[in-house]
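A.B. asks: The listed protein sequences derive, respectively, from chains H and U.
In terms of UniProt numbering, the first sequence opens at residue 1 and continues consecutively.
In terms of UniProt numbering, the second sequence opens at residue 1 and continues consecutively.
Glycine is no exception: its CB is placed at the ideal position from the N, C-alpha and C atoms.
Structure incoming, see below.
Protein chains: 2
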Amino acid sequence: MTTSLSTTPVFQTIKDYLLREIQKGTWKEGDAIPSEAALAQQFNVSRMTVNRAVRELTTEQILNRIQGSGTYVAQQKYQATLVAIKSIAEEIRSRGHEHRSELHELVEVEANEQLAQQFQVQPGHALFHSVIVHFENDIAIQVEDRWVNSILAQDYLTQDFATKTPNEYLMAVAPLQGVDYSIEAVIPPKTIADMLQISSKESCLVLHRKTRSQNQIATIVTMWHPGNRYQFTGSF
Amino acid sequence: MTTSLSTTPVFQTIKDYLLREIQKGTWKEGDAIPSEAALAQQFNVSRMTVNRAVRELTTEQILNRIQGSGTYVAQQKYQATLVAIKSIAEEIRSRGHEHRSELHELVEVEANEQLAQQFQVQPGHALFHSVIVHFENDIAIQVEDRWVNSILAQDYLTQDFATKTPNEYLMAVAPLQGVDYSIEAVIPPKTIADMLQISSKESCLVLHRKTRSQNQIATIVTMWHPGNRYQFTGSF
DNA sequence: TAGTGGTCTAGACCACAGC
DNA sequence: CTGTGGTCTAGACCACTAT
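As structure tokens, then:
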């Protein structure tokens with residue numbers, strides 16, 4: 001067998017294929033996917049290559065493997081965690097309050113070194129950048145500083161974020177594959193403090209979130225909240 | 001080469017070896033570990049087997065690999081997982097760091113009006129109260145202010161929390177039924193700031209958590225962390 | 001250029017599940 | 001028993017880094 005000519009490794013191609021088919025519904029939760037031998041034949045590669053693809057999807061909890069039996073699509077987990085990817089607008093409305101947002105920036109930019117690394121793309125790759133302030137009953141409650149991969153959301157710039165938040169739009173165009181987040185307490189830079197109408201000595205509760213879709217980084221967002229009037233909650 | 005006779009796979013043996021050496025300090029953060037070829041020779045196995053061990057440690061963020069250069073011990077991050085109700089001691093040890101705790105208070109009290117309401121018991125109900133400061137490599141990283149329902153943990157007062165944290169003890173005696181939590185950024189009261197050895201102007205990342213067991217409120221805990229050196233992370 | 005990791009092969013033997 | 005996954009080999013070629 002000659003080595004793949006494209007730059008993407010074969011095992012990655014197979015992972016993508018399996019993910020796509022699962023998303024398409026070809027195999028539903030609990031269904032068995034083809035055996036390693038079958039996939040090896042289908043892709044005309046060695047079994048070890050298929051094994052790596054399937055093994056990695058197993059550690060990513062996409063699949064379950066049972067020795068002697070087969071490989072199955074895993075159950076989607078209930079994640080009622082704090083970062084339920086809920087739109088802030090929806091959250092505010094569910095409290096019976098009025099939601100309003102102000103668009104402070106909406107531009108296309110070329111990824112610099114650092115952003116390129118975070119998005120796992122080449123420097124110069126097109127990204128969208130938006131900064132939106134969300135108000136609950138006219139009180140600033142969140143600054144949403146968002147970077148979006150242009151490939152996954154081509155018409156991001158033409159959206160009307162007053163009627164549909166970036167979150168709501170992105171959920172529609174880029175099916176969510178995974179999320180990483182971290183939460184910290186930080187003293188905000190002055191620009192953020194001003195937008196939140198707080199002193200730059202008050203600390204903020206900051207949520208960083210990176211979402212994956214179609215095996216790419218879809219969006220990286222930093223949400224700044226006034227520490228004294230916001231908290232994350234959850235239960236399980 | 002014959003297959004290993006022991007039941008543990010060779011790649012796992014190599015992972016264990018590498019983790020042990022890192023923990024021992026043989027290679028510190030940023031140091032290069034031996035090359036794949038060297039490890040293959042050392043363990044008398046094929047390079048692919050070593051590759052799997054090292055690759056998995058890389059996805060687990062224990063190592064960094066740079067093609068053409070080498071494999072290096074990754075930077076340990078101050079991070080906690082939210083979703084797992086993990087003992088802070090265990091978390092610190094899993095980073096290869098030393099955990100130490102100081103007991104500041106351990107008493108039995110009668111629930112006042114407010115506590116009684118939170119615990120859903122009658123005022124006067126017996127509760128235990130403990131305040132413990134946790135250190136990671138002698139740096140204060142958490143103040144754990146805990147209230148415990150005496151019914152579910154009768155011998156709470158006689159525990160040695162230096163060897164077993166309250167969390168570990170409670171997990172053993174009171175099977176977890178459910179959890180509610182909230183996270184906020186707060187300026188700490190002076191007593192807390194002093195225990196964390198920070199200025200009372202620096203904000204804290206605070207996790208409130210209420211756990212249920214046997215259909216009662218088992219424990220209500222407030223954990224204070226220095227905002228500038230602690231964050232919660234997670235992914236799904 | 002020599003050394004490193006990144007990937008892949010075409011076999012192999014084993015343990016386990018299900019018929 | 002057959003078919004599945006679990007592991008391992010002894011090579012190979014490639015891309016990249018450091019010198």
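Would you list, in chain order, the members of the segment 186-205 of chain H that have their beta-carbon closer than 9 Å to a beta-carbon of chain U?
C.D. replies: Listed by position along the chain: Val-186, Ile-187, Lys-201, Glu-202, Ser-203, Cys-204, Leu-205.
A.B. asks: Excluding sequence positions up to five away, which residues of its chain have a Cβ less than 7 Å from the Cβ of His-225/U?
C.D. replies: As a first step, residue 225/U must be located in the second sequence, where it is residue number 225. Closer than 7 Å at Cβ, skipping near neighbours: Ile-141, Gln-142, Cys-204, Leu-205.
A.B. asks: Whose Cβ in chain H lies nearer than 8 Å to the Cβ of Gln-231/U?
C.D. replies: For this step, residue 231/U is matched to residue 231 along the second sequence. Residues of chain H passing the Cβ test: Ser-182, Ile-183, Glu-184.
A.B. asks: Indicate the three-state DSSP secondary structure (helix, strand or coil) for Leu-103/U in the structure shown.
C.D. replies: Here residue 103/U refers to the residue found at position 103 of the second sequence. Leu-103/U: strand per DSSP, three-state reduction.
A.B. asks: On the CB-based measure, 16 or more other CB atoms within 10 Å of its CB, does Thr-211/H come out buried or exposed?
C.D. replies: Residue 211/H sits at position 211 when you count from the first residue of the first sequence. With 16 or more other Cβ atoms within 10 Å, it is buried.
A.B. asks: Pairs of beta-carbons, one from the segment 156-166 of chain U and one from the segment 97-116 of chain U, closer than 8 Å: are there three or more?
C.D. replies: In short, these stretches touch, since the Cβ pair count reaches three.
A.B. asks: Kindly indicate which three-state DSSP category Glu-91/U falls into: helix, strand or coil?
C.D. replies: Within the second sequence, residue 91/U is the residue found at index 91, counting from 1. Helix at Glu-91/U.
A.B. asks: Is there a Cβ from chain U that is less than 8 Å from the Cβ of Phe-227/H?
C.D. replies: One-based indexing of the first sequence puts residue 227/H at position 227. The identity of residue 227/H in the sequence shown is Gly, whereas the question assumes Phe. Answer yes: the Cβ-Cβ gap between Gly-227/H and chain U drops below 8 Å somewhere.
A.B. asks: Just grab the DSSP bridge partners of Val-143/U for me.
C.D. replies: As a first step, residue 143/U must be located in the second sequence, where it is residue number 143. DSSP, once it has assigned bridges, lists Val-133/U, Trp-224/U as partnering Val-143/U.
A.B. asks: Beta-carbon within less than 7 Å of Ser-46/U's beta-carbon, same chain only, minus the 5 sequence neighbours each way: which residues are those?
C.D. replies: Locating residue 46/U in the second sequence gives position 46, where the first residue counts as 1. Contacts found: Ala-40.
A.B. asks: The beta strand (DSSP E) spanning Glu-184/H covers which residue range?
C.D. replies: Here residue 184/H corresponds to residue number 184 of the first sequence, with the count starting at 1. That run of the beta strand (DSSP E) goes 178-186.
A.B. asks: Do you know how far the Cα of Pro-188/H is from the Cα of residue 239/U?
C.D. replies: One cannot answer for residue 239/U here, as it falls past the ends of chain U, which runs 1 to 236.
A.B. asks: Just to confirm my understanding: we take Gln-122/H, look at its own chain, exclude 5 residues before and 5 after, and list those with CB closer than 7 Å. What are they?
C.D. replies: In the first sequence, residue 122/H corresponds to position 122, counting from 1. Same-chain partners within the cutoff: Ala-116.
A.B. asks: Taking 6 Å as the limit between beta carbons, can you name the residues of its chain near Met-195/H, skipping five residues before and five after?
C.D. replies: What you label residue 195/H is simply residue 195 of the first sequence in a count that begins at 1. Result list for Met-195/H: Val-133, Val-143, in chain order.
A.B. asks: Once you ignore the five residues that flank Glu-90/H on each side, which residues in its own chain have a CB closer than 7 Å to its CB?
C.D. replies: Here residue 90/H is taken as the residue at index 90 of the first sequence, counted from 1. Excluding positions up to five away in sequence, the list is empty.
A.B. asks: Tell me which residue opens and which closes the beta strand (DSSP E) that Tyr-72/U is part of.
C.D. replies: The residue labelled residue 72/U in the question sits at position 72 within the second sequence. Looking at the DSSP string, the run of the beta strand (DSSP E) that includes Tyr-72/U is 70-73.
A.B. asks: Locate the alpha helix (DSSP H) running through residue 238/U, then write down its first and last residues.
C.D. replies: Examination of residue 238/U is not possible in this model, given that chain U is present from 1 through 236 alone.
A.B. asks: What are the residues that DSSP puts in a beta bridge with Arg-65/H?
C.D. replies: In the first sequence, residue 65/H corresponds to position 65, counting from 1. According to DSSP, Arg-65/H bridges with Thr-71/H.
A.B. asks: What's the gap between the Cα of Ala-84/U and the Cα of Phe-232/U?
C.D. replies: Taking the second sequence and counting its residues from 1, the one referred to as residue 84/U is at position 84. Taking the second sequence and counting its residues from 1, the one referred to as residue 232/U is at position 232. At Ala-84/U, the pLDDT of 49 sits below 50, so the modelled position is not reliable and the matter cannot be decided from this model.
A.B. asks: Using DSSP bridges, identify the partner residues of His-208/U.
C.D. replies: Position 208 of the second sequence, counting from 1, holds the residue named residue 208/U. Per DSSP, Ser-182/U, Thr-222/U.
A.B. asks: Write down the C-beta distance between Phe-43/U and Val-10/U rounded to the nearest angstrom, noting that I regard them as a contact closer than 8 Å.
C.D. replies: Counted from its first residue, the second sequence places residue 43/U at position 43. Counted from its first residue, the second sequence places residue 10/U at position 10. Contact flag correct, Cβ pair sits at about 7 Å.
A.B. asks: Verify whether the separation of the beta carbon atoms of His-97/H and Glu-136/H is less than 8 Å.
C.D. replies: Looking up residue 97/H in the first sequence gives position 97. Looking up residue 136/H in the first sequence gives position 136. Yes.
A.B. asks: Beta-carbon separation of Ile-220/H and Phe-119/H under 8 Å?
C.D. replies: For the purposes of this step, residue 220/H is taken as the residue at position 220 of the first sequence. For the purposes of this step, residue 119/H is taken as the residue at position 119 of the first sequence. Yes.
A.B. asks: From the DSSP output, which residues share a beta bridge with Ile-151/H?
C.D. replies: The residue you call residue 151/H lines up with position 151 of the first sequence. In the DSSP output, where bridge partners are listed per residue, Ile-151/H has none listed.
A.B. asks: For Ile-192/H, which residues from the same chain have a beta carbon less than 6 Å from its beta carbon, with the 5 sequence-adjacent residues on both sides left out?
C.D. replies: One-based indexing of the first sequence puts residue 192/H at position 192. Here the set comprises Val-143, Trp-224.
A.B. asks: Just the C-alpha distance for Pro-166/H and Thr-59/U, rounded to the nearest angstrom, thanks.
C.D. replies: Position 166 of the first sequence, counted from the start, is the residue given in the question as residue 166/H. Position 59 of the second sequence, counted from the start, is the residue given in the question as residue 59/U. Answer to the nearest angstrom: the Cα atoms are 30 Å apart.
A.B. asks: Secondary structure at Ala-126/U, three-state DSSP: helix, strand or coil?
C.D. replies: Along the second sequence, read from residue 1 onward, the residue named residue 126/U stands at position 126. The answer is strand: DSSP assigns Ala-126/U an E or B state.
A.B. asks: Return the first residue and the last residue of the alpha helix (DSSP H) that Thr-13/H is part of.
C.D. replies: For this step, residue 13/H is matched to residue 13 along the first sequence. Run containing Thr-13/H: 10-24, per the alpha helix (DSSP H) assignment.
A.B. asks: Can you list, in chain order, the residues of its chain with a C-beta nearer than 7 Å to that of Lys-190/U? Leave out the 5 residues immediately preceding and following it.
C.D. replies: Residue 190/U sits at position 190 when you count from the first residue of the second sequence. For Lys-190/U, where only same-chain residues beyond five positions count, the Cβ hits under 7 Å are Ser-200.
A.B. asks: With DSSP as the reference, please indicate the residues paired to Gln-216/U in a beta bridge.
C.D. replies: Numbered from its first residue, the second sequence carries residue 216/U at position 216. Note: Gln-216/U sits in a beta bridge opposite Ser-213/U.
A.B. asks: Verify the CB distance criterion: does Ala-80/H have a CB-CB separation below 8 Å to chain U?
C.D. replies: To locate residue 80/H, count along the first sequence from 1; it is residue 80. Low confidence applies to Ala-80/H: its pLDDT is 37, below 50, so where it sits in the model is not reliable enough to give any reading.
A.B. asks: Just mark Met-1/U as buried or exposed, buried being the case when its beta carbon has 16 or more other beta carbons within 10 Å.
C.D. replies: Against the second sequence, residue 1/U aligns to sequence position 1. Per-residue confidence for Met-1/U stands at a pLDDT of 40, beneath the threshold of 50, marking its modelled position as unreliable; the derived number appears in the next sentence. Classification for Met-1/U: exposed.
A.B. asks: Measuring straight from C-alpha to C-alpha, what distance separates Trp-147/H and Ser-130/H?
C.D. replies: Taking the first sequence and counting its residues from 1, the one referred to as residue 147/H is at position 147. Taking the first sequence and counting its residues from 1, the one referred to as residue 130/H is at position 130. If you take the alpha carbons of Trp-147/H and Ser-130/H, they lie about 7 Å apart.
A.B. asks: Taking DSSP as the reference, what is the three-state secondary structure of Val-109/U?
C.D. replies: Working through the second sequence from its first residue, we reach residue 109/U at position 109. Here Val-109/U sits in strand by DSSP.
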